[in-house]
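Take a look at the structure set out below.
Take a look at the structure:
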């Protein structure tokens, strides 16, 4: 051992090329590597990969959760939009119904009013006609009476009531007063 | 170490720092596998890795602490390297590749501490690491593809006349892999430390050289830390590339 060291130092060559030390170096390097491999492969590397996997999973879980929450938010928004649309449709329906009702009432009222106006008009016409007919018949009787009286005065005893009436009627119709 | 340089004269022995010192012998007859400073620092590296990673992951919290963050970054860095270079199939070899990466990284960085020993500056270690990769990868290739693995050396797209020549080149380059793989790491570590030692010795040689020498050492140390990390990365990514060749045959 000590003698060998002195040999190397005195030789001045490269200790790397002193092949007498190779067996020892290779043996102990192999042992060190084997021990290191056993420790690393046995516990440390699985721990590191476990930690990395846990983190990966945690991040993936969080992303999933975020996606789920986003989906829920979107669902809520869709529900809200749908509710809004339904409410709008309902409101429109109510407005349309009210409009229809009002229109119908209006139509009924105006029809009623029209009917009343027509009835009153008819009634008035009937009365006008009555009045006119009455006036005509009055005029006829007055004319007949007047004509009879005039004939009585001019030629007493000659007046024939039916003849006079016929003559008056002819005269009136010629004048276009009676029908 | 500069103490050993005699004041006033340039007495540089940059290779002395790489000496293997036996603490006790274990003589097997054919070879002495006694416990050395190299073995001590290999176990210091293992202990440092285990203490660091263990303390980093023992909290095991969802929001990582700083240490846990660093450990997870290294883990994901190596894992992505393996997957991007050699595909998902290579992930079953990830634990060994991670072990090799962190071992080389720890040995390189611990070697940067003054008066320590750099395990990876010895070709015995780097050749062992590179050969174990070479042999494992070749075995994996044959286990997966059987005799079809030889098609890896046969450039089917090349012109027919060139194929035998290219095949020989392919075989030679394949066999040269463990050499370049190991020398790259070992020589980088050795050269960096030797240069540091030489520049350090200048300070011992002359009082005038102390300031430039110290400045040079500071700069070179920063560079060497970079090289220490980079070489661990290069060794690992080459391992992944070789593994990819074995699994996917180009």
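Chains as they are written, first to last, in my numbering: chain L, 1 to 179; chain U, 1 to 250. Note that beta-carbon positions come from the ideal geometry of N, C-alpha and C, so glycine has one too. Quick caveat: nothing in here was measured; it's all calculated off a predicted structure.
Residue i classed as buried or exposed, judged by whether at least 16 other C-beta atoms fall within 10 angstroms
i                     : result
residue 219 (chain U) : exposed
residue 251 (chain U) : There is simply no residue 251 (chain U) to check, as chain U begins at 1 and stops at 250 in what is shown.
residue 122 (chain U) : buried
residue 24 (chain L)  : buried
residue 81 (chain U)  : buried
residue 22 (chain U)  : buried
residue 22 (chain L)  : buried
residue 224 (chain U) : buried
residue 157 (chain U) : exposed
residue 102 (chain L) : exposed
residue 2 (chain L)   : With a pLDDT of only 41 at residue 2 (chain L), under the threshold of 50, the placement of this residue in the model should not be trusted, and no figure is reported.
residue 113 (chain L) : exposed
residue 66 (chain U)  : exposed
residue 48 (chain L)  : buried
residue 6 (chain L)   : Because the pLDDT of residue 6 (chain L) is 43, which lies under 50, any placement of that residue in the model is unreliable, and the number read from its coordinates should be weighed accordingly. With fewer than 16 Cβ atoms within 10 Å of its Cβ, residue 6 (chain L) is classed as exposed.
residue 50 (chain L)  : exposed
Straight-line Cα distance separating residue j from residue i
i                     : j                     : result
residue 61 (chain L)  : residue 170 (chain U) : 50 Å
residue 31 (chain U)  : residue 105 (chain U) : 29 Å
residue 201 (chain U) : residue 193 (chain U) : 12 Å
residue 251 (chain U) : residue 76 (chain U)  : Limits of chain U in this structure are 1 at one end and 250 at the other, which puts residue 251 (chain U) out of reach.
residue 217 (chain U) : residue 43 (chain U)  : 27 Å
residue 116 (chain U) : residue 69 (chain L)  : 59 Å
residue 115 (chain L) : residue 88 (chain L)  : 40 Å
residue 129 (chain L) : residue 97 (chain L)  : 46 Å
residue 70 (chain U)  : residue 190 (chain U) : 28 Å
residue 139 (chain L) : residue 171 (chain L) : 12 Å
residue 71 (chain L)  : residue 112 (chain U) : 57 Å
residue 85 (chain U)  : residue 213 (chain U) : 42 Å
residue 235 (chain U) : residue 92 (chain U)  : 19 Å
residue 77 (chain L)  : residue 84 (chain L)  : 10 Å
residue 52 (chain L)  : residue 73 (chain L)  : 31 Å
residue 72 (chain U)  : residue 233 (chain U) : 16 Å
residue 186 (chain L) : residue 131 (chain L) : Residue 186 (chain L) lies beyond the range of chain L shown here (1 to 179); nothing can be said about it.
residue 14 (chain U)  : residue 198 (chain U) : 6 Å
residue 106 (chain L) : residue 75 (chain L)  : 45 Å
residue 173 (chain U) : residue 135 (chain U) : 15 Å
residue 13 (chain L)  : residue 16 (chain U)  : 9 Å
residue 26 (chain U)  : residue 109 (chain U) : 29 Å
residue 114 (chain U) : residue 141 (chain U) : 42 Å
residue 107 (chain U) : residue 155 (chain U) : 39 Å
residue 133 (chain L) : residue 160 (chain L) : 25 Å
residue 46 (chain L)  : residue 95 (chain U)  : 10 Å
residue 228 (chain U) : residue 88 (chain U)  : 28 Å
residue 208 (chain U) : residue 102 (chain U) : 41 Å
residue 144 (chain U) : residue 247 (chain U) : 7 Å
Neighbour flag for residue i against chain U, beta carbons, 8 Å
i                     : result
residue 90 (chain L)  : no
residue 20 (chain L)  : yes
residue 64 (chain L)  : no
residue 16 (chain L)  : yes
residue 1 (chain L)   : Since pLDDT at residue 1 (chain L) reaches only 38, below the 50 mark, its modelled position is unreliable, and the value read off the structure follows with that caveat. Answer yes: the Cβ-Cβ gap between residue 1 (chain L) and chain U drops below 8 Å somewhere.
residue 25 (chain L)  : yes
residue 60 (chain L)  : no
residue 95 (chain L)  : no
residue 188 (chain L) : With chain L covering only 1 through 179, there is no way to say anything about residue 188 (chain L).
residue 29 (chain L)  : yes
residue 36 (chain L)  : yes
residue 83 (chain L)  : no
Per-residue DSSP class, three states only, for residue i
i                     : result
residue 174 (chain U) : helix
residue 90 (chain L)  : helix
residue 242 (chain U) : helix
residue 115 (chain U) : coil
residue 27 (chain U)  : strand
Residue-chain proximity (residue i, chain L), Cβ-Cβ < 8 Å
i                     : result
residue 67 (chain U)  : no
residue 62 (chain U)  : yes
residue 32 (chain U)  : yes
residue 19 (chain U)  : yes
residue 15 (chain U)  : yes
residue 190 (chain U) : yes
residue 91 (chain U)  : no
residue 233 (chain U) : no
residue 36 (chain U)  : yes
residue 72 (chain U)  : yes
residue 193 (chain U) : no
residue 95 (chain U)  : yes
residue 99 (chain U)  : yes
residue 128 (chain U) : yes
Short CB-CB distance (under 8 Å) between residue i and chain C
i                    : result
residue 48 (chain U) : No chain C is present in this structure, whose protein chains are L and U.
Stretch-stretch touch, CB-based, cutoff 8 Å, three pairs: the stretch 180-198 of chain U with the stretch 129-144 of chain U:
yes
Between the stretch 151-167 of chain L and the stretch 155-163 of chain U, do at least 3 Cβ pairs fall closer than 8 Å?
no
Should the stretch 140-154 of chain U be regarded as contacting the stretch 29-48 of chain L, the criterion being three or more beta carbon pairs within less than 8 Å?
no
The stretch 26-35 of chain L touching the stretch 33-51 of chain U, judged by at least three CB pairs closer than 8 Å
yes
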